[in-house]
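Read top to bottom, the protein sequences are chains E and Y. Numbering-wise (the numbering used here), the first sequence opens with residue 39 and increments by one. Numbering-wise (the numbering used here), the second sequence opens with residue 30 and increments by one.
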Amino acid sequence: MKKFLGITLGILTAVGGFVDIGDIVSGSQSGARFGIAHVWVIVVGVVGICVYAEMAGRVTAISGRPVFDLVRERLGPRVALVNLLGSYAITVFTLGAELGGVALALQLLSSAPYLTWVPLVALLLWLALWRVRFETLERIFGLAGLALVVLVVGVFWLGPDVGALRHQALHPGPVPGETWATYWFFAIALFASAMTPYEVFFFSSGGVEEKWTPRDLVVARANVFLGFPLGGLLAFGFMVNAAVVYHPIGMRVDTLGQAVLPAGMALGELGIALIILGVFAATFGAAMETGLSAGYTVAQFFGWSWGKLRRPRSAARFHTTVLVSLLIGVAALLTTIDPIQLTEYMLIFSAVALPLTYIPILVVANDRHYLGDRVNGRLANLMGVIYLVIVVAAAVAAIPLMVFTRVGG
Amino acid sequence: MRARAWGAVAAAVVAVVWGGVGYLSTRPTDFHSYRVAAVGSAQSAYTGLVSGQQASRALAASRIPPPMATAMLGDSRSAIAGAQKRLARDAPPDERTTAMRDELAPLLLQADAAISGLEDAVAHGGAVELRARADAADPVADHLRRFVEEHG
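This is the structure:
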């Protein structure tokens with residue numbers, strides 16, 4: 039029973055972490071512009087996050103310590119500081135984007151401007167992180183996020199042109215009117231949304247909070263190999279819906295309303311209610327994870343007492359960091375920047391920062407001092423190195439493509 | 030010495046970025062950049078208009094709740110306003126781009142008017158009026174799409 043419950047951590051990480059505002063935006067935009075010609079990127083991203091999350095989970099289960107803590111110890115404070123600065127900046131902007139996603143979901147239900155929701159959502163998030171138990175949050179948002187399955191089911195009601203979808207999937211590349219540059223720009227955004235740095239830090243630190251031991255390795259792996267592919271399937275749901283509804287008429291996706299409308303077209307008000315519930319849960323869950331991840335990384339770097347399970351008084355600096363990160367995210371949104379645009383920029387800068395996160399994990403996962411005979415095997419290292427090459431290539435190409443395509447055109 | 034070298038590199042990077050941004054922000058508009066801006070405006074307006082039509086039709090068929098349709102129409106209005114602003118930012122540099130602007134500017138006004146009509150219908154009209162107004166916007170949407178395909 040304990041193992042079964044432990045898997046909910048994976049589902050939460052997958053739904054709230056894999057399917058977050060980044061996946062919703064990048065999946066929908068890519069589907070509208072290229073059909074499902076980017077579906078391979080989701081597969082590559084899912085495998086990549088599985089490879090590295092498995093390493094992070096193994097490191098945590100064997101050593102009993104979070105990955106970032108070990109990165110600082112193993113690679114020294116200077117390298118860890120570069121890692122911290124890169125991942126913290128990306129995590130805080132991701133937090134802002136997730137808060138914006140929650141506010142946009144509430145706007146669709148109320149028609150009140152999303153900016154009026156932002157402070158309330160932030161307050162609710164802070165209270166949840168402050169007062170509500172970790173397991174309770176996991177279960178509520180993990181299960182509610184599963185409502186996104188409605189997208190995958192709903193697509194069959196939309197009468198998809200299966201032949202056209204198959205053609206798009208089997209012939210990756212730009213469609214007429216698009217260029218290779220925009221095609222690769224969206225490929226990098228999708229890849230970055232799958233491998234966002236906070237996911238592994240949250241997964242690893244969450245494992246420490248749940249007191250994983252080597253006996254929990256099975257649970258950690260089940261979380262990774264069930265949770266992340268499930269998240270990938272849900273992310274694919276956004277892509278395929280946009281591909282069916284918007285791609286044939288040359289329309290783009292610029293708003294959350296457009297991303298979720300296909301569920302209403304397919305299943306009516308019930309479909310819309312479920313999809314908005316799912317988006318709310320996924321973005322709120324991801325906001326929770328990013329808020330905690332911001333606190334985890336800073337506290338682990340400086341060696342402070344940390345943890346959601348610790349009373350705020352005994353981990354005051356950790357909880358203060360979470361609160362300050364939340365306020366920075368809110369401030370970013372209150373500049374009136376469009377949350378969708380914020381997400382687009384966040385994904386590209388996230389791609390740039392990916393090597394800072396994944397190179398140290400690969401190094402630590404090969405250190406016998408921490409892992410004994412549970413260090414990476416040949417397959418894990420082969421996959422790890424292949425993905426490092428992909429990650430570095432994406433990081434190098436991200437900014438030039440952003441400039442050249444004017445953020446995707 | 031090491032710190033001095035790093036300082037020189039940082040100063041060089043700042044100078045290059047500063048110069049690049051200065052060049053890009055003061056570069057006069059040419060045919061290509063105006064065409065890109067015009068097509069971008071048309072695409073935004075097309076997406077906004079069609080999105081408003083779809084939301085209205087879905088509301089008329091009771092497939093989405095009224096607040097969602099209102100929010101989506103608000104987004105459509107913002108998209109079209111943004112498109113108008115983008116088109117007005119630069120003067121067309123030659124005759125071809127002047128013709129582009131003369132074709133697109135009225136379309137953007139019509140798209141804006143169509144969204145206003147849909148907002149009125151959501152607030153005061155019934156399903157039949159909503160469908161009728163959504164259908165009435167089809168020619169504008171078609172024209173915007175043709176503009177994008179022709180000049181894109």
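Glycine residues also receive a C-beta, built at the ideal position from the N, C-alpha and C atoms. Nothing here was measured: the structure is a model prediction, and the numbers come from that model.
Residue i to residue j span [Cα, whole Å]
| i | j | result |
| --- | --- | --- |
| A332 (chain E) | F339 (chain E) | 11 Å |
| R151 (chain Y) | L159 (chain Y) | In the sequence on display, residue 151 (chain Y) carries Val and not Arg. Cα to Cα, the separation comes out at about 7 Å. |
| A281 (chain E) | V89 (chain E) | 29 Å |
| Q72 (chain Y) | V177 (chain Y) | 6 Å |
| L119 (chain E) | F106 (chain E) | 11 Å |
| P96 (chain Y) | P122 (chain Y) | 43 Å |
| Y284 (chain E) | I80 (chain E) | 20 Å |
| P94 (chain Y) | A185 (chain E) | 18 Å |
| S343 (chain E) | Y408 (chain E) | 21 Å |
| F223 (chain E) | V157 (chain Y) | 43 Å |
| V170 (chain E) | K346 (chain E) | 9 Å |
| A117 (chain Y) | L137 (chain Y) | 11 Å |
| E382 (chain E) | V445 (chain E) | 8 Å |
| E124 (chain Y) | G288 (chain E) | 28 Å |
| H205 (chain E) | G211 (chain E) | 11 Å |
| W218 (chain E) | L439 (chain E) | 10 Å |
| H61 (chain Y) | R348 (chain E) | 59 Å |
| V238 (chain E) | P157 (chain E) | 28 Å |
| A94 (chain E) | G323 (chain E) | 20 Å |
| W250 (chain E) | G341 (chain E) | 20 Å |
| E473 (chain E) | A166 (chain E) | Shown here, chain E extends from 39 to 447; a query on residue 473 (chain E) therefore has no answer. |
| I378 (chain E) | L142 (chain E) | 10 Å |
| R355 (chain E) | G316 (chain E) | 32 Å |
| V434 (chain E) | I226 (chain E) | 11 Å |
| M303 (chain E) | A41 (chain Y) | 54 Å |
Expected contact under 8 Å - CB spacing of residue i and residue j to nearest Å
| i | j | result |
| --- | --- | --- |
| S66 (chain E) | V291 (chain E) | 4 Å |
| F276 (chain E) | A297 (chain E) | 6 Å |
| L102 (chain Y) | A84 (chain Y) | 6 Å |
| V262 (chain E) | A91 (chain E) | 5 Å |
| G192 (chain E) | L305 (chain E) | 5 Å |
| T359 (chain E) | A337 (chain E) | 6 Å |
| A230 (chain E) | L385 (chain E) | 5 Å |
| A207 (chain E) | I74 (chain E) | 5 Å |
| S105 (chain Y) | S80 (chain Y) | 5 Å |
| A100 (chain Y) | L228 (chain E) | No, A100 (chain Y) and L228 (chain E) are not in contact; Cβ-Cβ is about 26 Å, not under 8 Å. |
| L78 (chain Y) | A143 (chain Y) | 6 Å |
Pair within 8 Å by beta-carbon distance, residue i and residue j
| i | j | result |
| --- | --- | --- |
| E174 (chain Y) | Y63 (chain Y) | This sequence places Arg at residue 174 (chain Y); Glu is not what is there. Cβ atoms of R174 (chain Y) and Y63 (chain Y): not closer than 8 Å. |
| A260 (chain E) | A99 (chain E) | no |
| E136 (chain E) | A319 (chain E) | no |
| L108 (chain E) | V97 (chain E) | yes |
| P286 (chain E) | L196 (chain E) | no |
| G139 (chain E) | T321 (chain E) | yes |
| L380 (chain E) | A370 (chain E) | yes |
| G422 (chain E) | L400 (chain E) | yes |
| A170 (chain Y) | Q113 (chain Y) | no |
| T335 (chain E) | L122 (chain E) | yes |
| L361 (chain E) | W164 (chain E) | yes |
| T234 (chain E) | T132 (chain E) | yes |
| A160 (chain E) | L330 (chain E) | no |
| I313 (chain E) | V213 (chain E) | no |
| G86 (chain E) | N279 (chain E) | no |
| S91 (chain Y) | E307 (chain E) | yes |
| V130 (chain E) | I375 (chain E) | no |
| V328 (chain E) | Y236 (chain E) | Looking at the sequence itself, residue 328 (chain E) is Thr, so the reference to Val does not match. Closer than 8 Å, so yes. |
| A140 (chain Y) | I109 (chain Y) | yes |
| R351 (chain E) | V246 (chain E) | no |
| L272 (chain E) | V57 (chain E) | yes |
| G215 (chain E) | G36 (chain Y) | no |
Checklist entry - Which of the residues in the stretch 367-389 of chain E, read from start to end, lie with their CB under 7 Å from any CB of chain Y? => result Residues: none.
Next on the checklist: Counting only Cβ-Cβ distances shorter than 7 Å, please list the residues of the stretch 301-316 of chain E near chain Y, keeping chain order.
Outcome noted: For the stretch 301-316 of chain E, the set of residues with a beta-carbon nearer than 7 Å to any beta-carbon of chain Y comprises G302, M303, G306, E307 and I310, in chain order.
Item to check | Cβ-based contacts, 8 Å cut-off: residues of the stretch 48-63 of chain Y near chain E | outcome: Flagged: no residues at all.
Item to check | Cβ-based contacts, 7 Å cut-off: residues of the stretch 98-114 of chain Y near chain E | outcome: Per Cβ criterion, the list reads T99, A100, M101, D104 and A108.
Next on the checklist: Which residues of the stretch 278-295 of chain E have a Cβ closer than 7 Å to any Cβ of chain Y? Give them in chain order.
Outcome noted: Legend: CB atoms of the stretch 278-295 of chain E lying less than 7 Å from CB atoms of chain Y belong to residues I287, G288, M289, R290, D292, T293 and G295.
Checklist entry - If you measure beta-carbon to beta-carbon, which residues of the stretch 146-170 of chain E are closer than 7 Å to chain Y? => result For the stretch 146-170 of chain E, the residues whose beta carbon sits under 7 Å from a beta carbon of chain Y are, in order, L146, L147, S148 and S149.
Item to check | Contact list for the stretch 196-218 of chain E against chain Y, Cβ threshold 8 Å | outcome: Listed by position, the residues of the stretch 196-218 of chain E near chain Y (Cβ gap below 8 Å) are G215.
Item to check | Positions along the stretch 115-135 of chain Y whose CB lies within less than 9 Å of some CB in chain E | outcome: So nothing in the stretch comes that close.
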